[in-house]
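Remember, our numbering sits 10 above the position in the sequence shown when you count from 1.
Working notes, structure below.
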Amino acid sequence: MGTRLAGKVVVVTGATQGIGKGIAYMCAGEGAKVIISGRNGRNEKDGLQVAQNIKEEYITDALFIKADVSSEEACKRLIEKTVDHFGRIDGLVNNAGVFPRGSMLETTEELFDTVFDVNIKGAFFCTKYAIASMLRTGGGSIVQIGSTNGYKGQKDLAAYSCSKGAMLTLNRHVAANYAEEGIRSNWITVGWVASEGEIELHERMGVTEAQLHEQAKVEIPSGRMQTAEDMAYGVIYLLSDESTQVTGTELGITGGHRV
Numbered sequence: 011m012g013t014r015l016a017g018k019v020v021v022v023t024g025a026t027q028g029i030g031k032g033i034a035y036m037c038a039g040e041g042a043k044v045i046i047s048g049r050n051g052r053n054e055k056d057g058l059q060v061a062q063n064i065k066e067e068y069i070t071d072a073l074f075i076k077a078d079v080s081s082e083e084a085c086k087r088l089i090e091k092t093v094d095h096f097g098r099i100d101g102l103v104n105n106a107g108v109f110p111r112g113s114m115l116e117t118t119e120e121l122f123d124t125v126f127d128v129n130i131k132g133a134f135f136c137t138k139y140a141i142a143s144m145l146r147t148g149g150g151s152i153v154q155i156g157s158t159n160g161y162k163g164q165k166d167l168a169a170y171s172c173s174k175g176a177m178l179t180l181n182r183h184v185a186a187n188y189a190e191e192g193i194r195s196n197w198i199t200v201g202w203v204a205s206e207g208e209i210e211l212h213e214r215m216g217v218t219e220a221q222l223h224e225q226a227k228v229e230i231p232s233g234r235m236q237t238a239e240d241m242a243y244g245v246i247y248l249l250s251d252e253s254t255q256v257t258g259t260e261l262g263i264t265g266g267h268r269v
């Protein structure tokens with residue numbers, strides 16, 4: 011067990027599976043008290059299990075808080091419950107996201123609203139309430155989990171790409187306007203990760219996990235897909251005191267994909 015986040019309280023949204031779960035585990039492994047958030051149903055069951063696993067595997071506290079971040083009120087409650095339980099918040103990882111496929115011409119208003127409500131509305135309001143708390147306790151670090159699609163985007167990910175572009179602006183806005191208060195914001199450009207959601211999506215399209223990895227060998231310069239742990243290593247650095255002079259940056263963990 012490490013100590014790079016010892017004593018810090020970190021909230022990870024969308025932490026019941028995939029990248030978020032990997033980040034939550036590594037934060038706990040570095041000594042942080044971790045809040046796992048997710049929606050109800052399967053996510054709630056998985057989130058409770060993640061929190062229990064962390065308590066059993068690491069000498070730290072973990073708490074699952076049910077929160078559908080597409081609602082401002084849920085974002086507010088998430089941060090308030092965190093502060094009520096732990097007394098403060100030192101780090102926020104805006105990881106929750108959805109990525110239904112659809113080109114510009116195929117995107118309905120319903121699909122657009124679903125994507126923007128989770129991906130940017132959720133990140134915006136979680137950030138808002140985290141900043142309000144951090145201002146009272148001397149600062150903190152926010153990590154925005156971005157995507158290569160935030161810079162232009164695949165044709166069949168129109169709404170998702172635009173939502174991540176908005177998150178990139180959110181990152182720069184927070185970094186530029188709250189550094190004097192000791193609050194930092196940084197963005198991680200996520201490459202091609204073999205998360206549960208990505209695998210399930212491609213299986214529905216008739217592509218097996220093995221075929222996915224073979225495709226990645228050809229398309230990604232480093233020769234492999236990225237993992238949740240690859241992302242978590244970057245998050246740990248950005249949450250830790252090692253990066254107190256790092257804000258507004260864009261850290262690409264992509265294996266050279268779409269550089």
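For every residue, glycine included, the Cβ atom is placed at its ideal position computed from N, Cα and C.
Keep in mind the model is a prediction, meaning the values are calculated, not measured.
- Secondary structure in the segment 162 to 224: the alpha helix (DSSP H) runs of 4 residues or longer, each lying completely within the stretch, are 168 to 188, 206 to 214 in chain order.
- Segment contact: the segment 60 to 80 against the segment 165 to 176, fewer than three CB-CB distances shorter than 8 angstroms; contact not assigned.
- A check of alpha carbon separations from residue 95 across 19, 266, 243, 232 identifies 19 as the nearest.
- Note that the C-beta distance between residue 180 and residue 134 is below 7 angstroms.
- Assignment of residue 81 by DSSP, reduced to helix, strand and coil, places it in the coil class.
- Residue burial is scored here from C-beta neighbours: residue 235 has at least 16 other C-beta atoms within 10 angstroms and is therefore classed as buried.
- A direct Cα-to-Cα measurement between residue 229 and residue 267 gives close to 7 angstroms.
- According to DSSP, residue pairing for residue 72 in a beta bridge involves 44.
- Inter-residue distance for residue 144 and residue 99 is about 7 angstroms (C-alpha atoms, whole angstroms).
- Annotated as proximal: residue 106 and residue 23, with beta-carbon spacing under 7 angstroms.
- About 6 angstroms separates the CB atoms of residue 152 and residue 137; that is less than 8 angstroms, so the two are in contact.
- Secondary-structure assignment with DSSP links residue 260 through a beta bridge to 197.
- Taking 7 angstroms as the cut-off, the Cβ atoms of residue 240 and residue 209 do not count as close.
- Setting aside the 5 residues that flank it on each side, residue 253 is surrounded in the same chain by 247, each with a C-beta closer than 7 angstroms to its C-beta; the list follows chain order.
- Looking at the backbone, the Cα of residue 162 and that of residue 212 are separated by about 21 angstroms.
- Listed as beta-bridge partners of residue 236 by DSSP are 203.
- DSSP, read as helix, strand or coil, puts residue 250 in coil.
- In the structure shown, residue 157 falls within a coil segment according to DSSP collapsed to helix, strand and coil.
- Excluding the 5 residues flanking it on each side, residue 114 has same chain C-beta neighbours closer than 7 angstroms at 168, in chain order.
- A check of alpha carbon separations from residue 258 across 185, 49, 220, 190 identifies 185 as the nearest.
- Counting the other CB atoms within 10 Å of its CB gives residue 243 a total below 16, which places it among the exposed residues.
- Beyond the five residues adjoining it in sequence on each side, residue 54 comes within less than 6 angstroms, by CB distance, of 76 in the same chain, given in chain order.
- The distance from the Cβ of residue 26 to that of residue 41 is about 22 angstroms, inconsistent with a contact at the 8 angstroms cut-off.
- CA-CA distance, residue 157 to residue 261, rounds to 10 angstroms.
- Inclusion of residue 45 and residue 60 in the CB contact set at 7 angstroms is not warranted, their separation being larger than that value.
- In this chain, residue 108 is not harboured by any beta strand (DSSP E), its DSSP state being neither H nor E.
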